[in-house]
Amino acid sequence: MSRPQRLSVDEIQARIKDLPGWLLTEGKLRREFQFEDFVRAFGFMGAVALVAERMNHHPDWSNVYGRVVIELSTHDAGGLTDNDFRLAAAISALHG
2 MSRPQRLSVD
12 EIQARIKDLP
22 GWLLTEGKLR
32 REFQFEDFVR
42 AFGFMGAVAL
52 VAERMNHHPD
62 WSNVYGRVVI
72 ELSTHDAGGL
82 TDNDFRLAAA
92 ISALHG
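Everything in the sequence shown is counted per the working numbering, starting at 2 for the first residue and increasing by one.
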């Protein structure tokens, strides 16, 4: 299996425009999600976990009550790859 290829700065800048709500922070894609309560936030995390596992690409994230913070990068590539953008798009679709 080949290692994912890191995207160039220009590729990242072009692609992030298609991901409303996502920011480029310290070389990672980052987004904060707010929910009404802990149960809804945790349910969202469970849904994201299933998608991430199918993609074999797992987020760095944290949860405090109704807030979920997700950061994406590809550690093997040392930066952002197509996998990060595909997972970000899937997460955004789950959120609605």
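Glycine is no exception: its CB is placed at the ideal position from the N, C-alpha and C atoms.
So which of Glu-54, Ile-92 and Ala-15 has the shortest CA-CA distance to Ile-71?
To locate residue 71, count along the sequence shown from 1; it is residue 70. Closest by alpha carbon: Ile-92.
How far does the beta strand (DSSP E) with Arg-31 in it reach, from first residue to last?
Residue mapping note: residue 31 aligns to position 30 of the sequence shown, counting from 1. That run of the beta strand (DSSP E) goes 29-35.
Please list the terminal residues of the continuous beta strand (DSSP E) segment that includes Arg-7.
Within the sequence shown, residue 7 is the residue found at index 6, counting from 1. Segment: none, Arg-7 is in no beta strand (DSSP E) and carries neither H nor E.
Based on Cα-Cα distance, which residue from Leu-88, Tyr-66 and Phe-86 lies nearest to Phe-39?
As a working note, residue 39 is residue 38 in the sequence shown. For Phe-39, the nearest C-alpha among the options comes from Tyr-66.
Please report the straight-line C-alpha distance between Leu-20 and Gln-6, rounded to a whole angstrom.
For this step, residue 20 is matched to residue 19 along the sequence shown. For this step, residue 6 is matched to residue 5 along the sequence shown. Approximately 20 Å, taken between the alpha carbons.
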